[in-house]
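Under full-length UniProt numbering, think of the first position of the sequence shown as 1, with each following residue one higher. Beta carbons: idealized from backbone N, C-alpha and C, even for Gly. Being a predicted model, the structure only gives us computed values, none of them experimental. Since the structure comes first, as structure tokens, the remarks are kept for the end.
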Amino acid sequence: MTCVDGRGGVLTPKLSRREVERSEEASIMYPGYRFWKHWNIPSVLIRSCTSLSASLHPGGCSPDLTEGHSKQLMNDGKFSLQNLSNLLIRSRLQEIVGASKNWSDHLQSTKERASLSNQLVSKQEDLPHRRMKDSYLEAYLPLGSQPNLREKYLNVHKHVRFGRILEDLDSFGVLISYTHAKTDNPRSPFSIVTALVDEIDLVKKMIRPDCDLKFTGNVTWVGKSSMEVQMHVSQYHDDVYNPVLDATFVMVARDPANKSAAVINPLKPEGPEEENLFKQGNLNKAKRTKLKETSLLKTAPNEEERNIIHNMFLGTLDMQTVSFRSRKLPANSVWMDQTKLKSLEICHPQERNIFNKIFGGFLMRKAFELAWANACVYGNSRPHAIAVDDILFQKPVEIGSLLYLSSQVCYTEDKYIQVRVHSEVVDPLTKEHSTTNIFHFTFGCETEVKQVIPKTYGESMLYLDGKRHFKARIIKN
Numbered sequence: 001m002t003c004v005d006g007r008g009g010v011l012t013p014k015l016s017r018r019e020v021e022r023s024e025e026a027s028i029m030y031p032g033y034r035f036w037k038h039w040n041i042p043s044v045l046i047r048s049c050t051s052l053s054a055s056l057h058p059g060g061c062s063p064d065l066t067e068g069h070s071k072q073l074m075n076d077g078k079f080s081l082q083n084l085s086n087l088l089i090r091s092r093l094q095e096i097v098g099a100s101k102n103w104s105d106h107l108q109s110t111k112e113r114a115s116l117s118n119q120l121v122s123k124q125e126d127l128p129h130r131r132m133k134d135s136y137l138e139a140y141l142p143l144g145s146q147p148n149l150r151e152k153y154l155n156v157h158k159h160v161r162f163g164r165i166l167e168d169l170d171s172f173g174v175l176i177s178y179t180h181a182k183t184d185n186p187r188s189p190f191s192i193v194t195a196l197v198d199e200i201d202l203v204k205k206m207i208r209p210d211c212d213l214k215f216t217g218n219v220t221w222v223g224k225s226s227m228e229v230q231m232h233v234s235q236y237h238d239d240v241y242n243p244v245l246d247a248t249f250v251m252v253a254r255d256p257a258n259k260s261a262a263v264i265n266p267l268k269p270e271g272p273e274e275e276n277l278f279k280q281g282n283l284n285k286a287k288r289t290k291l292k293e294t295s296l297l298k299t300a301p302n303e304e305e306r307n308i309i310h311n312m313f314l315g316t317l318d319m320q321t322v323s324f325r326s327r328k329l330p331a332n333s334v335w336m337d338q339t340k341l342k343s344l345e346i347c348h349p350q351e352r353n354i355f356n357k358i359f360g361g362f363l364m365r366k367a368f369e370l371a372w373a374n375a376c377v378y379g380n381s382r383p384h385a386i387a388v389d390d391i392l393f394q395k396p397v398e399i400g401s402l403l404y405l406s407s408q409v410c411y412t413e414d415k416y417i418q419v420r421v422h423s424e425v426v427d428p429l430t431k432e433h434s435t436t437n438i439f440h441f442t443f444g445c446e447t448e449v450k451q452v453i454p455k456t457y458g459e460s461m462l463y464l465d466g467k468r469h470f471k472a473r474i475i476k477n
């Protein structure tokens with residue numbers, strides 16, 4: 001139907017008469033705003049190219065994408081997007097916040113949003129409660145139904161690019177959050193952004209590019225200005241939906257100027273299942289607080305960890321020289337300082353979000369692709385993603401910044417590789433450096449990989465931190 005560039009460009013192949021009729025009939029409804037908006041499918045001439053997906057077998061078309069079924073979903077009170085795309089969701093978010101669609105007039109749009117501050121309240125009791133089902137959304141990525149859409153998501157191995165899914169999850173999570181915090185006003189006074197990717201656990205090694213994907217999600221926990229959003233992705237194959245991944249994001253609401261926290265609607269669980277989800281949200285918050293307090297940046301390693309590092313150090317000494325300075329690399333090992341891979345991105349306006357900062361999904365995609373490349377080189381094979389966790393967005397990335405991404409293999413075990421990506425921005429005028437994100441990715445390989453060995457104390461802390469992240473994900477899975 002529509003092939004969409006995540007940066008806002010639209011590529012529309014020539015549609016059949018039936019496809020045009022169906023696209024004109026398709027519409028979406030946003031709960032709380034109670035209005036229908038017809039899709040606008042712009043017609044853009046694209047240059048001829050050989051399709052990478054031409055040899056893929058047809059199939060995997062979800063029955064949920066049939067016209068009758070989608071209307072039934074909408075009548076049941078669910079918000080259903082027949083075509084999940086960054087452009088469609090971005091357009092909807094722009095309408096919700098009244099954001100400018102053009103970079104040239106973004107300053108005026110920002111000034112206009114500042115006047116919405118009088119719609120905010122100071123006490124959460126003054127806002128109506130929301131139910132979990134009030135924020136429930138469904139969206140479909142029709143890779144099986146619309147072959148032309150595959151080109152954006154296809155990698156060279158003819159599987160779905162996971163980095164693109166990260167972008168879609170980020171956009172989808174923001175839309176879910178706005179659904180929870182909906183107001184009766186035409187424009188929302190909230191500036192909702194992703195604060196943390198708590199965890200993403202993948203069930204499948206590879207995502208098929210010829211089967212439709214279904215995204216579902218809703219808010220499962222609410223604090224005063226923060227929300228926990230749980231999302232699930234499944235793929236239609238062999239007449240059933242098969243789980244692909246589960247994701248937990250933490251979103252925060254801020255004032256229209258994005259300078260201070262804003263109070264949002266409280267959440268009222270209904271029934272034992274929802275109460276358990278809400279309790280889990282409290283446990284997750286407590287876990288994050290504990291991890292922050294026990295961070296190796298604040299506290300020393302425990303006794304077990306100290307013994308691990310000391311034994312690794314002894315394993316690198318040359319016993320014939322009887323010297324702590326003489327180090328040798330053990331067999332089937334790699335020094336950690338030899339596992340770095342870096343990249344640089346120029347932050348253009350085309351990568352901006354609705355608040356004119358660099359889109360968080362873009363940052364995650366770039367970090368993941370760099371981490372994957374590093375794991376590929378290190379393991380000398382094609383790795384598959386197993387988990388993503390603890391991605392903290394420490395500060396927004398301004399447009400025009402130079403984005404430095406530095407990846408490093410920090411822990412290995414059997415067939416697994418743990419990669420850490422450090423993201424920092426540099427203001428080209430002031431030369432100021434500042435960290436924006438730390439990413440943690442867990443990959444699996446088909447064969448056992450070499451052991452990574454730290455050489456310095458700092459690298460030893462990276463090793464232990466990577467081990468902690470790895471064990472937390474593997475034990476859970």
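Here F249 carries a strand assignment [DSSP, helix/strand/coil]. As the crow flies, the alpha-carbon of F443 is around 18 Å from that of R208. Here Y457 is exposed. Its C-beta has fewer than 16 other C-beta atoms within 10 Å. Across the structure, D465 and K455 are spaced so that their CA atoms are roughly 15 Å apart. Between Q394 and the set H348, V252 and I354, the nearest pair of CA atoms involves V252. When DSSP states are grouped into helix, strand and coil, L296 belongs to the coil group.
Here the alpha carbon of V174 sits roughly 13 Å from the alpha carbon of F215. Taking C-beta separations shorter than 6 Å and ignoring five residues to either side along the sequence, N311 has no partners in its chain. Counting C-beta atoms within 10 angstroms of its own C-beta, F324 has fewer than 16 neighbours from the protein chains shown and is therefore classed as exposed. Within the model, the alpha-carbon separation for N374 versus K342 is close to 9 Å. Uninterrupted beta strand (DSSP E) stretches at least 3 residues long and entirely within the stretch 419 to 464 occur at 433 to 444 and 451 to 453, given in chain order.
Relative to H159, the option among A139, D212, P266 and D170 whose CA is nearest is D212. With a 10 Å radius around the Cβ and a threshold of 16 neighbouring Cβ atoms, I96 comes out buried. Rounded to the nearest angstrom, the gap between the Cα atoms of T299 and L405 is 26 Å. Looking at the DSSP output, W335 bridges to I453.
Restricting attention to V233, P189, T179 and M132, the CA atom closest to the CA of V121 is found in P189.
Under the three-state reduction of DSSP, D201 is assigned to strand. For E345, the enclosing beta strand (DSSP E) covers residues K340 to I346. Counting only the Cα atoms, L267 lies some 38 Å from R150.
DSSP places N218 inside the beta strand (DSSP E), whose first and last residues are L213 to V222. Taken in chain order, no unbroken stretch of beta strand (DSSP E) lies wholly in the stretch 347 to 380 with a span of 3 residues or more. Between the C-alpha atoms of S434 and L403 there is a straight-line separation of about 10 Å. Contact annotation, C347 with I399: C-beta distance approximately 6 Å; criterion of less than 8 Å satisfied.
Cβ contact annotation for P243 (same chain, cutoff 6 Å, sequence separation greater than five): V203 and S234, in chain order.
Assignment of V97 by DSSP, reduced to helix, strand and coil, places it in the helix class.
Around the beta carbon of T289, fewer than 16 other beta carbons lie within 10 angstroms, which makes this residue exposed. Here the alpha carbon of V397 sits roughly 19 Å from the alpha carbon of H440.
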